[in-house]
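Peer 1: For the sequence shown, the positions run 1 to 144 when full-length UniProt numbering is used. Mind having a look at this structure? Questions to follow.
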Amino acid sequence: MTPDFWTPTVRRWSAVGFFAAWFASLGLPAAYLANGDAPRGLLLLMIGWISVLMLQPAWLGNLLIWIVLPIVGSSERPWKVTLRLCGGALIICAVGALFWSDLPDDSGSNLIVRYGAGYYLWMIAVLGSGIAALMTASVETDTL
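Structure below.
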């Protein structure tokens with residue numbers, strides 16, 4: 001059962017807000033490393049697919065956001081199975097990102113000293129999109 005506040009207008013604005021948070025996270029530092037570097041989110045987006053090969057699935061959340069948010073924001077009948085699968089996967093990606101402790105590159109493994117604003121915005125976008133997908137999947141089709 002979906003809460004009464006989850007109207008098509010709220011869904012549309014939440015999709016816009018999560019897209020904006022994801023987009024803003026690309027321009028902000030995602031982490032501060034022990035060697036002094038502070039890579040921005042766009043750099044991590046470009047090289048992050050390699051982390052999937054190292055069994056860190058968090059980068060896949062970037063792809064799933066582009067699948068989920070247009071469906072959440074549309075006023076058409078939701079694709080319930082797709083939203084449930086992608087929503088659960090987005091939450092798993094966010095949980096995987098909680099265990100991100102180093103950033104490997106050509107100089108070796110660089111320890112993360114602290115997370116930046118880009119990391120937190122990305123987490124808000126991924127977790128929020130996952131929760132929005134699960135809430136939209138539970139909407140009764142006659143209320144759309």
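Each residue gets a CB set at the ideal place from its N, CA and C atoms; glycine is no exception.
At the level of alpha carbons, what is the spacing between L43 and G128?
Peer 2: Taking the first residue of the sequence shown as position 1, residue 43 is located at position 43. Taking the first residue of the sequence shown as position 1, residue 128 is located at position 128. Cα to Cα, L43 sits roughly 23 Å from G128.
Peer 1: In the DSSP assignment, find the unbroken alpha helix (DSSP H) run with L121 in it and report its ends.
Peer 2: The sequence position of residue 121 within the sequence shown is 121, counting from 1. Per DSSP, L121 belongs to the alpha helix (DSSP H) from 117 to 137.
Peer 1: Which runs of the alpha helix (DSSP H) fall wholly inside the stretch 17 to 61 and span at least 4 residues, in chain order?
Peer 2: Entirely contained in the stretch 17 to 61, the alpha helix (DSSP H) runs reaching 4 residues are, in chain order, 41 to 47, 49 to 53.
Peer 1: Leaving aside the five residues before and after L134 along the sequence, list all residues of the same chain whose C-beta is less than 6 Å from its C-beta, in chain order.
Peer 2: Working through the sequence shown from its first residue, we reach residue 134 at position 134. So the list reads G87, once near-sequence residues are dropped.
Peer 1: Give me the Cα-Cα distance between W22 and I71, rounded to the nearest whole angstrom.
Peer 2: Along the sequence shown, one-based indexing puts residue 22 at 22. Along the sequence shown, one-based indexing puts residue 71 at 71. Taking the straight line from one Cα to the other gives about 16 Å.
Peer 1: For the stretch 61 to 106, which segments carrying the beta strand (DSSP E) assignment without a break, of at least 3 residues, lie completely within its bounds, in sequence order?
Peer 2: Entirely contained in the stretch 61 to 106, the beta strand (DSSP E) runs reaching 3 residues are, in chain order, 102 to 105.
Peer 1: For A125, which residues from the same chain have a beta carbon less than 6 Å from its beta carbon, with the 5 sequence-adjacent residues on both sides left out?
Peer 2: Counting from 1 along the sequence shown, the entry for residue 125 is found at position 125. Contacts found: F18, A21, W22.
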